Structures are given as C-alpha cells and as structure tokens.
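Trainee: Okay, handing you the structure first.
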Amino acid sequence: MLEYFIVSLADVYTMILFVYVLMSWIPQKSGIVADIDTVLGRVCDPFLNLFRKFIPPIGGMVDISPIFALLVLQFAVRLIVMIL
5 MLEYFIVSLA DVYTMILFVY VLMSWIPQKS GIVADIDTVL GRVCDPFLNL FRKFIPPIGG
65 MVDISPIFAL LVLQFAVRLI VMIL
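At position 5 of the sequence shown the residue is numbered 9 (this note's numbering), and the sequence of numbers has no breaks.
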C-alpha cells in the first residue's frame, strides 16, 4: 500500500514537471496561464534548481535539467520501493 502511494505521488509530480516544462515553451503568458505557471514554478523550481546548478543550458538556451531531474526522480522512487 505504501509503495503504491509513493509511486502514485511520484507519477503526479512527474506530470506536474512535464506540464511545467511544456508551459515554458509558451512565449507570452497572461491571465490564468500566468497564474498556473507561477504556481507550477513554485512547486517545480526548487527541485529543478538542484540540477540547474550542475547542468548548464546547451547553447545557452536549451535547458536539459528537467530530463535529468525526471530520471533521478524515477530512479529514486524505484529504489525506495525496492527497499520497502
């Protein structure tokens, strides 16, 4: 039961990260889209900033840190579930 909860929580956070990354491609945000982006930023940026410290953007523009963040998140969850 605990394993299912942990995996489900990680899956929800993965989807939130995915939506946040997709929203970064929207050039000008206003209204409710800007509000959603702000909320998602507060939820996602602390985790992503851990990886942004070590992984610079490619060509100064393309941020690949979310890819590594998602991989680490999934690996950590699978490791925790395996230990439990």
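Even for Gly, the Cβ is constructed at its ideal location relative to N, Cα and C. Treat the numbers as computed from the prediction; the structure is a model and nothing was measured.
Using beta-carbon positions only, say whether L44 and M27 come within less than 8 Å of one another.
Mentor: Annotated as proximal: L44 and M27, with beta-carbon spacing under 8 Å.
Trainee: In whole angstroms, give me the CA-to-CA distance for D15 and G63.
Mentor: 30 Å
Trainee: Among the residues of its own chain, which have a CB less than 7 Å from the CB of E7, if the five just before and after it don't count?
Mentor: Result list for E7: V85, L88, in chain order.
Trainee: Any idea what DSSP makes of I62, helix, strand or coil?
Mentor: strand
Trainee: By the three-class DSSP mapping on this structure, what secondary structure does D49 have?
Mentor: helix
Trainee: Using 8 Å for Cβ pairs, my map puts I30 next to V37. What's the rounded Cβ distance?
Mentor: 7 Å
Trainee: Taking the alpha helix (DSSP H) that D15 falls in, what are its first and last residues?
Mentor: 6 to 27
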